[in-house]
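First up is the structure itself, then whatever we jot down about it.
And the structure:
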């Protein structure tokens, strides 16, 4: 049987891509399949002989356990407020840095420093700064009568909000960079036409810039929402999920169940629920942005 050039080329490309596909399957699909499999079992590493099939009981326990419900609520609250604030401040920074100048380039270089620091180190820095006993910020706020005397990171009323502000400090520059790239790609003729027609700055932003920026906004929101929903490092080193589960998140809960209590089945179910929430969140964001695009651009 003779093969055409296109068939041979297709086979060659498949042959060259096969190792990468197998690698991704080995490090991604296989653990995912194991996680789904374990989630249907009552499986504890300390008592492997007592492993038994429980069906969807682990998932039922997740949505019926008050502590897990609190973790889900905290995760959504953290994601919505942190990403929302990052979008607002990031868009503002992107607009300020839009004009190409030496000063803006210098500011942009320094602005990206927080995003280059690992979340673990960022958490340790802010834990030291916000501590009620020895933290510089915590001391002055305490002396000024702002916040609880026990410290902003040790109070159930303020701890989660402090984590949100820490996340905003670290990742707002990345949001600004993504949006700035979108602003740089806007067609100058369209913006110039709006300026010539006498449109005000607000009208140009609302009617021209914002509709054209929807793809960049969707990309920034999706990337940051997926990352914020999986927050763990900062929570682990600052509050450990406390006080009284006030900052406990789904990832924190999954790590505790899997590595502290060795409940592999329940931890796998928590991980699968987290993955499902992330997929649903990305889908909702896509639908919202697409509907906004249709409403604004009419297509």
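Numbering (this note's numbering), first residue to last: 316 to 614.
Virtual Cβ for every residue (Gly too), placed ideally from N, Cα, C.
Going by beta carbon distance, what residues of the same chain come within less than 7 Å of residue i, once the five residues before and after it are set aside?
i	result
residue 435	548, 552
residue 536	398, 402, 600
residue 578	359, 572
residue 350	583, 586, 587
residue 505	523
residue 607	529
Between the Cα of residue i and those of the options, spot the shortest distance and give me the residue it belongs to.
i	options	result
residue 361	580, 392, 586	580
residue 539	378, 386, 335, 402	402
residue 543	407, 394, 409	394
residue 473	446, 586, 592, 571	446
residue 490	404, 529, 424, 545	404
residue 554	342, 414, 467	467
residue 408	396, 392, 426	426
residue 347	603, 590, 604	590
residue 475	329, 565, 390, 541	390
residue 429	373, 343, 531, 483	483
Taking only three categories from DSSP, how would you classify residue i?
i	result
residue 358	coil
residue 547	coil
residue 419	helix
residue 577	coil
residue 368	strand
residue 563	coil
residue 558	coil
residue 325	helix
residue 433	coil
residue 476	helix
residue 470	coil
residue 414	coil
Quick check on the burial criterion: 16 or more other C-beta atoms within 10 angstroms. Buried or exposed for residue i?
i	result
residue 332	exposed
residue 488	buried
residue 416	exposed
residue 441	buried
residue 327	exposed
residue 356	buried
residue 353	buried
residue 598	exposed
Can you list, in chain order, the residues of its chain with a C-beta nearer than 6 Å to that of residue i? Leave out the 5 residues immediately preceding and following it.
i	result
residue 315	The structure shown does not extend to residue 315, since the chain is modelled only from 316 to 614, so the question has no answer here.
Does the CB of residue i have a neighbour CB from chain C at under 8 Å?
i	result
residue 507	Protein chain content of the structure displayed is limited to a single chain, and chain C is not contained in it.
Runs of alpha helix (DSSP H) lying entirely within the stretch 499–545, each at least 4 residues, in chain order: 503–511, 516–519, 529–544
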